[in-house]
Structure formats: C-alpha cells, structure tokens
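Novice: So the protein sequences, as listed, match chains A and B. Position 84 (the first sequence) corresponds to 88 in the numbering used here; numbering is contiguous. Position 31 (the second sequence) corresponds to 376 in the numbering used here; numbering is contiguous. Just so you know, even glycine gets a beta-carbon here, dropped at the ideal spot from N, CA and C.
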Amino acid sequence: MSRRCGALMCVVALLWAAPAWAQSGGTPSTGSKLGGRLFGHFEWQTMTAKESVEAVTGKSTLRGPGGGAEVQRLWRGVFARVAVSRLPETGQRVFVFENEVFPLGTPLDLTLIPIEAAVGWRFKPIGSRGIVPYLGGGALFLKYKESSEADTSGEDINETYNGFVVFGGLEVPVWRSLSAGGEVGWRKAEVKSPGGALAAFGEKDLGGVTMRVMLSISR
Amino acid sequence: MTATSARLTVAAGVCALAGFLSMQGAPVSAQQAPPPQFLTTPAQLMAMEQAASQKLNYVPGEVIVKFRAGVSVGQQTRALASLRSRPLPDRLQWIADRTARLLVPEDPDSIGVAANLARQPEVEYAQPNWLARPSAVPNDTQYAARQWNFSLLDMPRAWDINAGGAGITVAVIDTGLTSVNATYPFKTWNGTAIVTAQMPFAISPDMDAARITGGRDFVFWNGPVLDNHGHGTHVSGTVAQTTNNNLGYAGVAYNAKIMPLKVCLSFWDIQILWAEAGITGYPSLQSGGCPSSATVAAIRYAADNGAKVINLSLGGTDDSPADRDAIAYATSRGVFVAMSAGNEFEDGNPTTYPASYGLALKGAMAVGAVGRSSQRAYYSSTGNFVEIAAPGGDSRDGGAAGAIYQAGIFYADYNPAVVILPRFDRYGDTALQGTSMASPHVAGLAALLMSQGVTTPAAVEALITATAKDLGDAGRDNNFGAGLIQPRVALRGFGLVR
Numbered sequence: 005m006s007r008r009c010g011a012l013m014c015v016v017a018l019l020w021a022a023p024a025w026a027q028s029g030g031t032p033s034t035g036s037k038l039g040g041r042l043f044g045h046f047e048w049q050t051m052t053a054k055e056s057v058e059a060v061t062g063k064s065t066l067r068g069p070g071g072g073a074e075v076q077r078l079w080r081g082v083f084a085r086v087a088v089s090r091l092p093e094t095g096q097r098v099f100v101f102e103n104e105v106f107p108l109g110t111p112l113d114l115t116l117i118p119i120e121a122a123v124g125w126r127f128k129p130i131g132s133r134g135i136v137p138y139l140g141g142g143a144l145f146l147k148y149k150e151s152s153e154a155d156t157s158g159e160d161i162n163e164t165y166n167g168f169v170v171f172g173g174l175e176v177p178v179w180r181s182l183s184a185g186g187e188v189g190w191r192k193a194e195v196k197s198p199g200g201a202l203a204a205f206g207e208k209d210l211g212g213v214t215m216r217v218m219l220s221i222s223r
Numbered sequence: 346m347t348a349t350s351a352r353l354t355v356a357a358g359v360c361a362l363a364g365f366l367s368m369q370g371a372p373v374s375a376q377q378a379p380p381p382q383f384l385t386t387p388a389q390l391m392a393m394e395q396a397a398s399q400k401l402n403y404v405p406g407e408v409i410v411k412f413r414a415g416v417s418v419g420q421q422t423r424a425l426a427s428l429r430s431r432p433l434p435d436r437l438q439w440i441a442d443r444t445a446r447l448l449v450p451e452d453p454d455s456i457g458v459a460a461n462l463a464r465q466p467e468v469e470y471a472q473p474n475w476l477a478r479p480s481a482v483p484n485d486t487q488y489a490a491r492q493w494n495f496s497l498l499d500m501p502r503a504w505d506i507n508a509g510g511a512g513i514t515v516a517v518i519d520t521g522l523t524s525v526n527a528t529y530p531f532k533t534w535n536g537t538a539i540v541t542a543q544m545p546f547a548i549s550p551d552m553d554a555a556r557i558t559g560g561r562d563f564v565f566w567n568g569p570v571l572d573n574h575g576h577g578t579h580v581s582g583t584v585a586q587t588t589n590n591n592l593g594y595a596g597v598a599y600n601a602k603i604m605p606l607k608v609c610l611s612f613w614d615i616q617i618l619w620a621e622a623g624i625t626g627y628p629s630l631q632s633g634g635c636p637s638s639a640t641v642a643a644i645r646y647a648a649d650n651g652a653k654v655i656n657l658s659l660g661g662t663d664d665s666p667a668d669r670d671a672i673a674y675a676t677s678r679g680v681f682v683a684m685s686a687g688n689e690f691e692d693g694n695p696t697t698y699p700a701s702y703g704l705a706l707k708g709a710m711a712v713g714a715v716g717r718s719s720q721r722a723y724y725s726s727t728g729n730f731v732e733i734a735a736p737g738g739d740s741r742d743g744g745a746a747g748a749i750y751q752a753g754i755f756y757a758d759y760n761p762a763v764v765i766l767p768r769f770d771r772y773g774d775t776a777l778q779g780t781s782m783a784s785p786h787v788a789g790l791a792a793l794l795m796s797q798g799v800t801t802p803a804a805v806e807a808l809i810t811a812t813a814k815d816l817g818d819a820g821r822d823n824n825f826g827a828g829l830i831q832p833r834v835a836l837r838g839f840g841l842v843r
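1. 7 Å is my cut-off, CB to CB: does B:Q797 come that close to chain A?
2. Could you list the residues in the region 813-842 of chain B with a C-beta less than 8 Å from some C-beta on chain A, going in chain order?
3. Would you report the Cα separation of B:L829 and A:G186, rounded to the nearest angstrom?
4. Buried or exposed for A:T94, going by 16 or more other Cβ atoms inside 10 Å?
5. Within the continuous alpha helix (DSSP H) that includes B:L390, where are the two ends?
6. Would you kindly report the start and end of the unbroken beta strand (DSSP E) that includes B:F412?
7. Measure the alpha-carbon distance for B:Q831 versus B:T541 and round it to whole angstroms.
8. Grouping DSSP H, G and I as helix and E and B as strand, with all else coil, what is B:Q382?
9. Would you kindly report the start and end of the unbroken beta strand (DSSP E) that includes A:T65?
10. Does any residue of chain A have a CB that is nearer than 7 Å to the CB of B:L793?
11. Nearest chain A C-beta to B:L808 closer than 7 Å, yes or no?
12. Count the C-beta pairs between the region 756-765 of chain B and the region 723-740 of chain B that are closer than 8 Å, then say yes if the count reaches three, no if not.
13. Can you pull the chain B residues whose beta carbon is under 8 Å from the beta carbon of A:G109, in chain order?
14. Considering just the uninterrupted stretch of the beta strand (DSSP E) at B:I624, what are its terminal residues?
15. Taking DSSP as the reference, what is the three-state secondary structure of B:K607?
16. Check this for me: beta carbons of A:G141 and A:A122, under 7 Å apart or not?
17. What is the DSSP secondary structure of B:W475, reduced to helix, strand or coil?
18. Give the single residue among B:G510, B:P569, B:D505 and B:I733 whose Cα lies nearest to the Cα of B:A652.
19. I need the straight-line Cα distance from B:A711 to B:I624, nearest angstrom please.
20. For B:L808 versus B:A835, is the C-beta distance shorter than 7 Å?
21. At 7 Å on the CB atoms, spell out the chain B contacts of A:I117, in chain order.
22. Chain B partners of A:P198, CB-CB under 9 Å?
23. Buried or exposed: where does A:W179 fall if 16 or more other Cβ atoms within 10 Å of its Cβ makes it buried?
24. If we cut at 7 Å on Cβ distances, does B:I513 have a partner in chain A?
25. How about B:A709: is its C-beta nearer than 7 Å to some C-beta of chain A?
26. Output, in sequence order along the chain, the residues in the region 182-212 of chain A whose CB is closer than 7 Å to any CB in chain B.
27. In the DSSP output, which residue or residues are listed as bridge partners for B:P636?
28. According to DSSP, is B:S677 part of a helix, a strand, or is it coil?
29. I'd like to know if B:I506 contacts chain A, where contact means its C-beta is closer than 7 Å to some C-beta of that chain.
30. Which chain A residues sit within Cβ distance under 9 Å of B:A803?
31. Measuring alpha carbon to alpha carbon, tell me which residue in B:D668, B:R678 and B:G728 is nearest B:N694.
32. Just checking my contact of B:I513 with B:V654 at CB under 8 Å: how many whole Å lie between their CB atoms?
33. Considering only C-alpha positions, which residue in the set A:R90, A:E55, A:V60 and A:R77 is nearest to A:P69?
34. Counting only C-beta atoms, is A:V176 closer than 7 Å to chain B at any point?
35. Going by CA-CA distance only, name the one from B:A555, B:V468, B:G415 and B:F755 that's closest to B:Y772.
36. In its own chain, which residues sit with a C-beta less than 7 Å from the C-beta of B:L790, not counting the 5 before and 5 after it?
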C-alpha cells in the first residue's frame, strides 16, 4: 500500500508541477505534453451478489460519491488513473434458509469503498464538440466495512478484497477546462471463504456493473 | 426409559432448599371453586396403579388405534370385533384425526390387543397407550450456586438482542403449572379414612400470572391447571420465569407466554382421584405417568390454539406412532418442538421416544444435556437422534452447584413419603437435573428466535444447528449433536459476508 501511495503522490506532483501547456483550442488529449484531470463523480453499482445484498439491504444497487485523478498523455493517448468511491448502505441482519430470508431486525451498516488504480487509452476527439471516448482497466482494491448494533469489539468487519476493473466512458467539454462525462464499468472482487448471506446464496463477488456521471477539470 | 429410571421421583430431598421465606407464594385465598369434574374413572385409576405395581410402561386395557382413511363405522366395528371382548365403537375416544383411545379393561394385555388390531386391514397402526415419564433425575444436594447455565449460554448478551421473546406462546406439556390462587376441597387418605382436605394452590410469585395463558388439563380434571408434582413448574421456569424482578430466578424467554398443558398424573393426582372414587389406601409412590393419549391430544391442542413452541420434557423407550404423528402435525402447523433426549445413558442407553422422532422432522429437536464444564451430563442419552445440547445439570460436575435452579413448589409441603395433607402454595429454590432441564433452554431459544423474525420451525432448527458451538468430536456427534446452543450467535444471525 505504501508503494501505491508513493506512486499516487508522484502522479499528483507531476500533474501540478508540470508547466501549463498551450491549449490550441482542442482538448488536453490532443496536446503532446503531459496533462492531468481531476474529477468528481456519483456512481451506481448494481451488485453481482444481487441476492445477498438484497437480503440484507433490500436493494441490489448501491450508490455514492467519489473522485479521482488522472495523468494523461503518458505516451500518446495513454493515461493512468486513481479513483475512489464510497457506497454506504443500511440494512439489517438476517437468516437465510432454503433461499427464504428471515429479517432479524438488528440494524446493520455496510460501506463499500472501491479503490481503482488503472491505465487506459483516450481516443481522438469526435465531432464538433470534441467528445473524447476512452477505455481502461486495472486493479481494484475493495474495502468492505460492516457494523451492527450490539456488536462487541472484534465483531465489526473491516476487510479488503482484491480484484480488477474495466471501464469505458465519454468526456464532453463544457466550458474551458471543465468537462462532463459518463462512464460504465465492471468490477470483480471476490470474498475468500464468505459466510453470512453470501454463503447462504452461494455468492462471493462484491463487484458489479457500475455507472458514473462525472465532472472534471483538466490541465 | 424404564418406569424406574430417569423419573422425577418424589423421594426425600429431591429439591435443594436453603429457605423459602423469600419466595412465599401469593396469599392463599379462601375462595371455594365449583365442584370439580375429574377426567379419570376409577377403572382407569386402578389400571394406572396396576401399571405402577407391575412396573408396566403402558396403561393396561388401553390402546391407541388409527384407522385408515375412508374406514366407515361399520368397518371400525368389524376391526374391533377381532378382539376377544368385541368392543363397540362407542368405546373409542377420539384424540386426533382417525385416531382414538380404545378402552378395553376386560383385556389388560395392551400389547397383545394392539398387535391384534394392527393386523386388521382397517387399521393403519395400533399401539399400547404408553406411559412416558418426565425426564428429570432428582438432585437432593443442598442449595448452592445458581444459574451457571445462563452464564454458559451468554444469555445476558442474547437478551441485549431480544428481550425475552415477547409475543410468542410456549406450550409446556408436562405435570402442569399452577395457574390459579385457590384452595380446593380434595378428598385424600389420611392413613385411616378418606377425608376432605383444603389444599391450597398458588401461582408462583416468580411467574407473571398474565403470561400464563390457555392452559388445559388432559388427565386430572376439567378445572384450572394445577401442578402438584413440581416438574412442570421447574421446566416452565427455565422457559419463561419472570426476569429482572428482583426476585428468584431468570428464564430464557422471560416475556413469552406459557401455555401449561397437563398430561402427567403424579402421586397426588392419583391419591386424590382414588379418594374421590372411594378407594381407600395409598397408591404406590411410583404411581402416575404421562399417557400417550394425553400427550397426543395436548400436542394437537397446542398447535391448534396459538402455541408457536412446544416443550416435551418427557419420554419413554417405546415407539409411539401416535406421538410421532402428533409432533409431525405440530411442525406442519408452524410449531417448533423441543424434546428431552432421555436420561438412560447408564441404563443401557436405549433409543428414546418421542425424542428420536426429531431426526426425521424438520422443526423438532432432541436435546441432550451438559453440565457446568460443557461436558456431557453423566445420564444424558446418546445416539444419532441427539441433535443439540443445552445445560441440564450434572451433580458429578460441581456437586450441588451443578444443578439447574428455578423457583419451585416447596417440596417439604407435599413430599408424599412424609406428608399426609399437602399444600402447594409455597415456593422456594428447586434444583433438578436431567434432559428435562436441557430441553426448555432450547424451547426458550426457539421462542426468542420466533419473536426475532425466524418464523418457521424448520428455519429455527437450522439456525440453532448452524450456530451451535461444536463440542466433543469435530462436527456432529452422538453425544452433543451439533453442539451447545449459542443464543446470542443465533439471534445475531447473518450479515452480508459473515
């Protein structure tokens, strides 16, 4: 983790230490100098472990905010990205027997925090508006937190599951350095030796299909 | 279970009492109840006495018969005509669908009668009217430590999740739980003559009367349920003793309702019935028992009248299809059934009934007993039918401190070995051990789980099994089944990943 933090710090340092490059009226991706983008987003993740998550929370799609940073034009269209989201949800503890869910009424709080470290390719702008499509993929570090009422120390869960992510999106210039965009992706992160509702339904993947709306500032 | 083993006897010192003064019963009222109508005829009384004197495990002259579907009255008559006494169908007392108790006092060999009937094409099965016994071994050591059982089960933290099983009714099918404060003018034998004695009864001061509901007596009379034995009171206490009342003891599901269903006749029941029938003398101290016919009727009554849990702390060593059918009926009606596994480990360790029916029935569990050290209690029967374990007490593991304590009727007031004119209105500390004491822990846990939201008996069984603490050999074993119940873990249930 310390190496990843160091890499992230290097990326940020490069981004902000680099001299401003001339923008020829196009988007940063057309320039030849190193560029960067900071973005904020709101995302929805439809869980692969649909039955388990629905049993505990009543929903199969989690949602929440996030953000990230990209270094662009590492080599032509190549970019590197770090992104993090926070998807909290409330629910209750349950018992599952023969696929029937018995809600037990004990409140439960869970939070998914997907951290992505990815690389990708930004294509040439399309059309008069200069819409930029991109694709990418990389490592996923999915932090999972869970706590319940009446839990004692040691019963709360705070674990990280490793996996991968792939995504694709479109970035649309709005005004000057400001862009808006949308992205879809797919995450996979399996829990080793799951228990609880996951085990009852034979599920173990806390990833899923994601959709994001984004606002970004580029340099 | 033989008639002489694993029975809650009335021997001296069965209850360890340090003093009852803090546990006085409610003030005895002088009110007189209407004349009672007793449910057992003199002929039946003599049959039970014969069973006691001959150490029979059935009621002589009584069988339970289940006819096949579609059998007409004429066909029933034909089947009954196969017996030497050729009884008519009016001798049939219906206790369940197509199932009746048949009285043939002319032929006391119930085993032979049942075998003869079973051969008839109109009959699905026939069995003697077995006499089960409450599954407790008396503990006559002195008063000592208290409810180690609840500490072993981490009950206080379980109660943090569910405060006592509110909204659930638990039927305790046993010797009864006194449900009135009243004095009754019962006849009894004083050694020289039949006399009328004013016998006071009182509700336990450590049991909230408002939570005693829907009780019924299936063997003694059609009046309020009265416990003149003590076993049923102790079992009911483990299930649902009032808790946090600065008095006495705690119960597992202390906000649940108790439905006391009396199916066992004790010495004093028999003595009173004898005297009321004009029979002089004392019955034997081993008189009494729990006829299958009464147990079957009580199980069905509980299932049809709102009970969600049944506790059966009684049993025998005789296969009883009628009991099996009744338990299956109860589970099909959404009722969880907890049964004591038996106390016969040192008496040949036979398979016990109805405990062994739990293996094939989802939602019915046979409960073995452990002592303070979570070791199998020395008496606790073993076998593939033992599904789960709970504290039952073990005098070989901690002496007097190893028993299960609850509030109970003050034994010195009714000890039939020494008392002539009993009273049943004073309460004190009662220490017992047996799988009788283990089973109500599971019944209470089932009540908590049902109150928490696990609404089917099969799911209750699955959750209890899945969360049990493994004891003994890894995995399921014949001593402990799945292991020791873990109420807090069960009530906590599942999160997403654990």
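Specialist: According to the structure data:
1. On the second sequence, residue 797 of chain B is found 452 positions in, with the first residue counted as 1. It does; some Cβ of chain A falls within 7 Å.
2. Look at the region 813-842 of chain B: the residues with a C-beta under 8 Å from a C-beta of chain A are L836, R837, G838, F839, G840, L841 and V842.
3. Start at 1 with the first residue of the second sequence, and residue 829 of chain B comes out as number 484. Start at 1 with the first residue of the first sequence, and residue 186 of chain A comes out as number 182. Their backbone Cα atoms lie some 54 Å apart in a straight line.
4. As a working note, residue 94 of chain A is residue 90 in the first sequence. Under this definition A:T94 is an exposed residue.
5. Here residue 390 of chain B refers to the residue found at position 45 when the second sequence is read from its first residue. Where B:L390 is concerned, the enclosing alpha helix (DSSP H) stretches over P387 to S398.
6. In the second sequence, the residue the question calls residue 412 of chain B occupies position 67. Run containing B:F412: Y403 to F412, per the beta strand (DSSP E) assignment.
7. Against the second sequence, residue 831 of chain B aligns to sequence position 486. Against the second sequence, residue 541 of chain B aligns to sequence position 196. Spanning the two alpha carbons is a distance of roughly 50 Å.
8. The count along the second sequence starts at 1 and reaches residue 382 of chain B at position 37. In the three-state reduction of the DSSP assignment, B:Q382 falls in the coil class, being assigned neither a helical nor a strand state.
9. Taking the first residue of the first sequence as position 1, residue 65 of chain A is located at position 61. Run containing A:T65: T65 to Q76, per the beta strand (DSSP E) assignment.
10. As a first step, residue 793 of chain B is located in the second sequence; it is residue number 448 there, counting from the start. Interface criterion not met: the Cβ of B:L793 is under 7 Å from no Cβ in chain A.
11. The count along the second sequence starts at 1 and reaches residue 808 of chain B at position 463. Nearest CB-CB separation between B:L808 and chain A: below the 7 Å threshold.
12. They do not touch, by the three-pair rule.
13. Taking the first sequence and counting its residues from 1, one reaches residue 109 of chain A at position 105. Near A:G109 (Cβ distances below 8 Å), the residues of chain B are Q797 and G798.
14. The residue labelled residue 624 of chain B in the question sits at position 279 within the second sequence. Run containing B:I624: none; DSSP gives neither H nor E here.
15. Translated into the one-based positions of the second sequence, residue 607 of chain B becomes position 262. In this structure, DSSP gives B:K607 an extended state, which the three-state scheme calls strand.
16. Working through the first sequence from its first residue, we reach residue 141 of chain A at position 137. Working through the first sequence from its first residue, we reach residue 122 of chain A at position 118. If you check the CB distance, A:G141 and A:A122 come in under 7 Å.
17. Indexing the second sequence from 1 puts residue 475 of chain B at position 130. Reduced to three states, the DSSP call for B:W475 is strand.
18. Within the second sequence, numbered from 1, the residue matching residue 652 of chain B stands at position 307. Of the candidates B:G510, B:P569, B:D505 and B:I733, the one whose C-alpha sits nearest the C-alpha of B:A652 is B:G510.
19. Within the second sequence, numbered from 1, the residue matching residue 711 of chain B stands at position 366. Within the second sequence, numbered from 1, the residue matching residue 624 of chain B stands at position 279. Spanning the alpha carbons of B:A711 and B:I624 requires a straight line of approximately 40 Å.
20. Along the second sequence, read from residue 1 onward, the residue named residue 808 of chain B stands at position 463. Along the second sequence, read from residue 1 onward, the residue named residue 835 of chain B stands at position 490. Cβ distance < 7 Å, so B:L808 and B:A835 count as in contact.
21. Position 113 of the first sequence holds residue 117 of chain A. Those within 7 Å of A:I117 in chain B number zero; the least Cβ separation is about 14 Å.
22. Looking up residue 198 of chain A in the first sequence gives position 194. Think of a sphere of 9 Å around the beta carbon of A:P198: the chain B residues whose beta carbon falls inside it are L841, V842 and R843, in chain order.
23. In the first sequence, residue 179 of chain A corresponds to position 175, counting from 1. Exposed.
24. Position 168 of the second sequence, counting from 1, holds the residue named residue 513 of chain B. Not an interface residue.
25. Residue mapping note: residue 709 of chain B aligns to position 364 of the second sequence, counting from 1. So no, B:A709 is outside the interface.
26. Residues V195, P198, G199, G200, A201, L202 and A204.
27. Sequence index remark: in the second sequence, residue 636 of chain B carries index 291 (1-based). Paired residues: B:L476.
28. What you label residue 677 of chain B is simply residue 332 of the second sequence in a count that begins at 1. B:S677 falls in the helix class under three-state DSSP.
29. By one-based count along the second sequence, residue 506 of chain B stands at place 161. Yes, B:I506 counts as interfacial toward chain A.
30. For the purposes of this step, residue 803 of chain B is taken as the residue at position 458 of the second sequence. Residues of chain A passing the Cβ test: F101 and E102.
31. Taking the first residue of the second sequence as position 1, residue 694 of chain B is located at position 349. Put simply, of B:D668, B:R678 and B:G728 the residue whose alpha carbon is nearest the alpha carbon of B:N694 is B:G728.
32. Reading the second sequence from its first residue, position 168 is the one you call residue 513 of chain B. Reading the second sequence from its first residue, position 309 is the one you call residue 654 of chain B. Their Cβ separation, rounded to whole angstroms, is 7 Å, which keeps B:I513 and B:V654 in contact under 8 Å.
33. By 1-based counting over the first sequence, the position of residue 69 of chain A is 65. Comparing Cα positions, the closest option is A:R90.
34. The residue labelled residue 176 of chain A in the question sits at position 172 within the first sequence. Interface flag for A:V176 against chain B is unset, since no Cβ pair is found closer than 7 Å.
35. By 1-based counting over the second sequence, the position of residue 772 of chain B is 427. Measuring C-alpha to C-alpha distances from B:Y772 to each of B:A555, B:V468, B:G415 and B:F755 identifies B:F755 as the nearest.
36. Within the second sequence, numbered from 1, the residue matching residue 790 of chain B stands at position 445. For B:L790, where only same-chain residues beyond five positions count, the Cβ hits under 7 Å are V597, I809, I830, P832 and A835.
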